[in-house]
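Notes follow once the structure below has been shown.
Number of protein chains: 2
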Amino acid sequence: MKPIDGPFIDELNRLIFHRPNFMKSRIKKRYEEDPDNAWNCCSWCEYLLIVILSTILLVGVLVLTLFWVMFYRDGFAWSESPKQQFNLHPILMIAGFITLSGFSILIYRLCRCVKHIYVKLIHMFFHAVAIPCIALGFMSVFASHEALQKVNFYSLHSWLGFVTMGMFVLQFVIGFFSFLVMLCCENKTYSCRSAMVPIHASLGLANFWLAIASSVTGLIEKERETVNETGVSSENKLVEHYITSAIGVTLIFIGIIVTFAVRRSNAPASAKVYVTERI
Amino acid sequence: MKPIDGPFIDELNRLIFHRPNFMKSRIKKRYEEDPDNAWNCCSWCEYLLIVILSTILLVGVLVLTLFWVMFYRDGFAWSESPKQQFNLHPILMIAGFITLSGFSILIYRLCRCVKHIYVKLIHMFFHAVAIPCIALGFMSVFASHEALQKVNFYSLHSWLGFVTMGMFVLQFVIGFFSFLVMLCCENKTYSCRSAMVPIHASLGLANFWLAIASSVTGLIEKERETVNETGVSSENKLVEHYITSAIGVTLIFIGIIVTFAVRRSNAPASAKVYVTERI
Chain A
1093 MKPIDGPFID
1103 ELNRLIFHRP
1113 NFMKSRIKKR
1123 YEEDPDNAWN
1133 CCSWCEYLLI
1143 VILSTILLVG
1153 VLVLTLFWVM
1163 FYRDGFAWSE
1173 SPKQQFNLHP
1183 ILMIAGFITL
1193 SGFSILIYRL
1203 CRCVKHIYVK
1213 LIHMFFHAVA
1223 IPCIALGFMS
1233 VFASHEALQK
1243 VNFYSLHSWL
1253 GFVTMGMFVL
1263 QFVIGFFSFL
1273 VMLCCENKTY
1283 SCRSAMVPIH
1293 ASLGLANFWL
1303 AIASSVTGLI
1313 EKERETVNET
1323 GVSSENKLVE
1333 HYITSAIGVT
1343 LIFIGIIVTF
1353 AVRRSNAPAS
1363 AKVYVTERI
Chain B
1093 MKPIDGPFID
1103 ELNRLIFHRP
1113 NFMKSRIKKR
1123 YEEDPDNAWN
1133 CCSWCEYLLI
1143 VILSTILLVG
1153 VLVLTLFWVM
1163 FYRDGFAWSE
1173 SPKQQFNLHP
1183 ILMIAGFITL
1193 SGFSILIYRL
1203 CRCVKHIYVK
1213 LIHMFFHAVA
1223 IPCIALGFMS
1233 VFASHEALQK
1243 VNFYSLHSWL
1253 GFVTMGMFVL
1263 QFVIGFFSFL
1273 VMLCCENKTY
1283 SCRSAMVPIH
1293 ASLGLANFWL
1303 AIASSVTGLI
1313 EKERETVNET
1323 GVSSENKLVE
1333 HYITSAIGVT
1343 LIFIGIIVTF
1353 AVRRSNAPAS
1363 AKVYVTERI
């Protein structure tokens, strides 16, 4: 058979794909390594804007919640003061479900310069750190309710939180086994891992939004519960209302920016491996 | 130059892509038309399950809200009874933002047998029908608040609703111009429309979750507002609490199923046009 010579390949490309470099780039390089697919200035600006804005919002919402709890809800305590023990709940849940999970999602999809296995491990590490936060946050509200003789799992917020926690655990366990343990037999498990990627990604995003919805319902429940509290001036209550509303609106903007950041780009059909969708 | 003969193409495929049919399928067929990419029984079962389950949930949440408003909130009225006028708000917002928008999103991504331009038009039609629902729902709460001398745009729910409505209008206008008006110059606007698809899709999903978050906050606000109402037995209040909680949990499951349904499949790199991502 005639060997595959250069001019023939060029002609083939011109005839079939109307792109002279299509076959060459396909043979030699991965999608992100091909200079044809290099980002332009606009893409880099968008990338930087997303990274900076999401970092500000993810850290900002945690600082704002801390400020609210410290200055308007009398700070923290453990079992010696059930009312202050409750205050651990919002801060730990926001830290685990929003800040750490948000960074974890964004790092996985936006980290462009580190080897893929390290990105996976960082993704898992952030979620793993979120687990004790969530567990402690759950225990604190449970213990506080017990001490104050309040009913558990009655409100809509508690049910949403329960679904969020259940999905989080499922996602963590399935993700850990599918994308890390299964790497032991990398080639044999390729098709399985490949099929799992979009499912894990979509349910992860749903879980993040679920956490946001649970958080805003929690904020409203707390506000409505404390609206008739005595010993607090109406001015103070108004400022507290603005702070909790600001936390809620920040959460919503975090949701929008994360959903936008993890969208799958319309990579051309010639893309062999997606920049941000490696398995 | 030597013509591109069959055996040569086969050899080229075998050598470069390790898939004998790669080049053939690329030249002759679109991704979804290629028998190699035909769905198996499992994919069809998943598809049917999503279609049936999402239809039940999207219609179910509307019926449940209607039931709640009719039997526990004294039904509807216009300006003659501001309290009943308010009841138009939840039903119209759920109809516009959840049921109609949910069907619109799912039809666009799951409709496999209709010409793509018709799918686009149906997608736009459902969103267009949602607009009067949302506008009337907004007007009803505004008029009701005016009559009852309540402050507008004070609660977190109202701010979330405001952001949701703003994003909905933006998405509709941008979508209408980008994917329908720009079709006048189909070839010249291809790259622009292509770049807009993932942005429109991701922000649309964010908007849907935003609507869900706004709805659950609204449900909690209403429940907390009416918890001290006199003239209603505690048993009745408990049943009403379970109904509103069921609406909230249904909304959350709708969010999960829609996010799962619109995930982008890991189509192989040879896919020229994605089944559900046509521009």
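Residue numbers (the numbering used here), protein chains in the order written: chain A, 1093 to 1371; chain B, 1093 to 1371. Even glycine gets a Cβ: it sits at the ideal position worked out from N, Cα and C.
- Measure how close the beta-carbons of A:VAL1350 and A:SER1146 come, nearest whole angstrom, since I'm counting them as under 8 Å. Mapped onto the first sequence, residue 1350 of chain A falls at position 258. Mapped onto the first sequence, residue 1146 of chain A falls at position 54. So it is a contact: roughly 7 Å between Cβ atoms.
- Interface flag, A:ALA1303 vs chain B, CB-CB below 7 Å: Your numbering for residue 1303 of chain A matches position 211 in the first sequence. Among the residues facing chain B, A:ALA1303 is not included, as its CB has no counterpart in that chain under 7 Å away.
- Task: Determine the contact status of A:LEU1154 and A:ALA1187, defining contact as a CB-CB distance below 7 Å.
- Result: Residue 1154 of chain A sits at position 62 when you count from the first residue of the first sequence. Residue 1187 of chain A sits at position 95 when you count from the first residue of the first sequence. In this structure, A:LEU1154 sits near A:ALA1187, with a CB-CB distance shorter than 7 Å.
- Nearest candidate by alpha-carbon position, reference A:LEU1140, set A:VAL1151, A:CYS1203, A:ASP1166 and A:ASN1179: Numbered from its first residue, the first sequence carries residue 1140 of chain A at position 48. Ranking the options by Cα distance to A:LEU1140, first place goes to A:CYS1203.
- Task: Quick one: list the residues of chain A neighbouring B:LEU1181, beta-carbon separation under 9 Å, in chain order.
- Result: Along the second sequence, one-based indexing puts residue 1181 of chain B at 89. Per the sequence shown, residue 1181 of chain B should be read as His rather than Leu. Chain A residues near B:HIS1181: none, gap ~16 Å exceeds 9 Å.
- Does the Cβ of A:ALA1353 have 16 or more other Cβ atoms within 10 Å, making it buried, or fewer, making it exposed? By one-based count along the first sequence, residue 1353 of chain A stands at place 261. Buried, because 16 or more other Cβ atoms sit within 10 Å of the Cβ of A:ALA1353.
- Message: Less than 7 Å between the beta carbons of B:THR1157 and B:ILE1197, yes or no?
- Response: Locating residue 1157 of chain B in the second sequence gives position 65, counting from the first residue. Locating residue 1197 of chain B in the second sequence gives position 105, counting from the first residue. No, these two residues do not count as a Cβ contact at 7 Å.
- Should A:VAL1143 be flagged as near chain B, meaning a C-beta pair shorter than 7 Å? Against the first sequence, residue 1143 of chain A aligns to sequence position 51. Closer than 7 Å: no.
- Have a look at A:HIS1333 and B:PHE1345 and give me their C-alpha separation to the nearest angstrom. Here residue 1333 of chain A refers to the residue found at position 241 when the first sequence is read from its first residue. Here residue 1345 of chain B refers to the residue found at position 253 when the second sequence is read from its first residue. Spanning the two alpha carbons is a distance of roughly 30 Å.
- Task: Show which residues of chain A have a CB atom less than 8 Å away from the CB atom of B:PRO1174.
- Result: Position 82 of the second sequence, counted from the start, is the residue given in the question as residue 1174 of chain B. Ordered by position in chain A, no residue passes the 8 Å Cβ test against B:PRO1174, which lies about 21 Å from the chain.
- Keeping to the same chain, check which residues put their C-beta closer than 8 Å to that of B:VAL1143; ignore five residues upstream and five downstream. Residue 1143 of chain B sits at position 51 when you count from the first residue of the second sequence. Counting only Cβ-Cβ distances below 8 Å, and skipping sequence neighbours, we find LEU1198 and LEU1202.
- Alpha-carbon to alpha-carbon, A:THR1191 and B:ILE1266: For the purposes of this step, residue 1266 of chain B is taken as residue 174 along the second sequence, with counting starting at 1. For the purposes of this step, residue 1191 of chain A is taken as residue 99 along the first sequence, with counting starting at 1. Whole-angstrom Cα-Cα distance: 31 Å.
- Message: Between B:VAL1308 and B:GLY1258, how many whole angstroms is the CB-CB distance? I'm expecting something under 8 Å.
- Response: Counting from 1 along the second sequence, the entry for residue 1308 of chain B is found at position 216. Counting from 1 along the second sequence, the entry for residue 1258 of chain B is found at position 166. Incorrect: roughly 19 Å between the Cβ atoms, too far for contact.
- Task: Identify whether A:THR1322 lies in helix, strand or coil by the three-state DSSP scheme.
- Result: Here residue 1322 of chain A corresponds to residue number 230 of the first sequence, with the count starting at 1. Of the three classes helix, strand and coil, the one that applies to A:THR1322 here is coil, per DSSP.
- Message: So that I know if they touch, is there some Cβ in chain B lying closer than 7 Å to that of A:ILE1348?
- Response: By 1-based counting over the first sequence, the position of residue 1348 of chain A is 256. Interface criterion met: the Cβ of A:ILE1348 is under 7 Å from a Cβ in chain B.
- Message: I'd like to check one pair, B:ILE1312 with A:GLU1313: are the Cβ atoms closer than 7 Å?
- Response: What you label residue 1313 of chain A is simply residue 221 of the first sequence in a count that begins at 1. What you label residue 1312 of chain B is simply residue 220 of the second sequence in a count that begins at 1. It is a contact, given that the beta carbons lie within the stated cut-off.
- What beta strand (DSSP E) runs, 3 residues minimum, are completely inside the segment 1140-1201 of chain B? none
- Taking B:SER1171 as the reference, give the member of B:TYR1164, B:ASN1179 and B:ARG1165 with the closest Cα. On the second sequence, position 79 is the one that residue 1171 of chain B refers to. Minimum Cα distance to B:SER1171 is reached at B:ASN1179.
- chain B within 7 Å of A:LEU1297, Cβ atoms only: Residue mapping note: residue 1297 of chain A aligns to position 205 of the first sequence, counting from 1. True, the Cβ-Cβ gap to chain B drops below 7 Å.
- State the DSSP-derived secondary structure class of B:PHE1245, mapped to helix, strand or coil. Walking along the second sequence from the start, residue 1245 of chain B turns up at place 153. Look at B:PHE1245 here: in three-state DSSP terms it is coil, with no helix or strand label.
- Item | Partners in chain B for A:THR1309, counting only beta-carbon separations shorter than 7 Å | Taking the first sequence and counting its residues from 1, the one referred to as residue 1309 of chain A is at position 217. Under the 7 Å cutoff, chain B gives VAL1308, THR1309 and ILE1312.
- Task: Note down the Cα distance separating A:ALA1338 from B:VAL1331, rounded to an integer number of angstroms.
- Result: Here residue 1338 of chain A refers to the residue found at position 246 when the first sequence is read from its first residue. Here residue 1331 of chain B refers to the residue found at position 239 when the second sequence is read from its first residue. Whole-angstrom Cα-Cα distance: 33 Å.
- Query: Which of the residues in the segment 1284-1296 of chain A, read from start to end, lie with their CB under 8 Å from any CB of chain B?
  - Reply: For the segment 1284-1296 of chain A, which is checked against every Cβ of chain B, the residues closer than 8 Å are SER1286, ALA1287, VAL1289, PRO1290, ILE1291, ALA1293, SER1294 and LEU1295.
- Any idea what DSSP makes of A:ARG1316, helix, strand or coil? Working through the first sequence from its first residue, we reach residue 1316 of chain A at position 224. DSSP, reduced to helix, strand and coil, places A:ARG1316 within a helical segment of the structure shown.
- Query: Cβ of A:TRP1301 within 7 Å of Cβ of B:TRP1301?
  - Reply: Locating residue 1301 of chain A in the first sequence gives position 209, counting from the first residue. Locating residue 1301 of chain B in the second sequence gives position 209, counting from the first residue. By the CB criterion at 7 Å, A:TRP1301 and B:TRP1301 fall inside the cutoff.
- Task: Under 6 Å Cβ to Cβ from A:ILE1214, same chain only, skipping five residues before and after it: list those, please.
- Result: Counting from 1 along the first sequence, the entry for residue 1214 of chain A is found at position 122. Once the five neighbours on either side are set aside, the close Cβ partners of A:ILE1214 are ILE1199.
- Task: Run down chain B in chain order and give the residues with a C-beta less than 8 Å from the C-beta of A:SER1135.
- Result: Within the first sequence, residue 1135 of chain A is the residue found at index 43, counting from 1. In chain order: nothing, as chain B lies at least about 11 Å away.
- Message: Considering only their Cβ atoms, is the gap separating B:GLN1177 from B:ASP1166 smaller than 7 Å?
- Response: Here residue 1166 of chain B refers to the residue found at position 74 of the second sequence. Here residue 1177 of chain B refers to the residue found at position 85 of the second sequence. No, the pair does not count as a contact, with Cβ atoms beyond the cut-off.
- Task: Whole angstroms is fine: what's the gap from B:GLY1253's alpha carbon to B:GLU1278's?
- Result: As a first step, residue 1253 of chain B must be located in the second sequence, where it is residue number 161. As a first step, residue 1278 of chain B must be located in the second sequence, where it is residue number 186. Spanning the two alpha carbons is a distance of roughly 36 Å.
- Message: Cutting at 6 Å between CB atoms, please list the residues of its own chain near A:THR1336, excluding the five before and the five after it.
- Response: Within the first sequence, the letter at position 244 stands for residue 1336 of chain A. Excluding sequence neighbours, A:THR1336 sits near LEU1311 and GLU1315.
- Task: Closer than 6 Å by C-beta to A:VAL1221: which residues in its own chain qualify, once you throw out the five before and the five after it? Chain order, please.
- Result: Numbered from 1 along the first sequence, position 129 holds the residue referred to as residue 1221 of chain A. Counting only Cβ-Cβ distances below 6 Å, and skipping sequence neighbours, we find LEU1192.
- Task: Just mark B:LEU1262 as buried or exposed, buried being the case when its beta carbon has 16 or more other beta carbons within 10 Å.
- Result: On the second sequence, position 170 is the one that residue 1262 of chain B refers to. Burial call: exposed.
- Simplified DSSP assignment, three categories, for A:ARG1285: On the first sequence, residue 1285 of chain A is found 193 positions in, with the first residue counted as 1. Three-state result, A:ARG1285: helix.
- A:TRP1136 by DSSP, collapsed to three states: which one? Mapped onto the first sequence, residue 1136 of chain A falls at position 44. Three-state result, A:TRP1136: helix.
- Item | Within chain B, partners of A:HIS1219 - CB distance below 9 Å | Within the first sequence, numbered from 1, the residue matching residue 1219 of chain A stands at position 127. Neighbours of A:HIS1219 on chain B: none; closest Cβ ~18 Å, over 9 Å.
- Among B:ILE1148, B:PHE1189 and B:LYS1242, which residue has its Cα nearest to the Cα of B:ILE1304? Translated into the one-based positions of the second sequence, residue 1304 of chain B becomes position 212. Selected option, being the one with the closest Cα: B:PHE1189.
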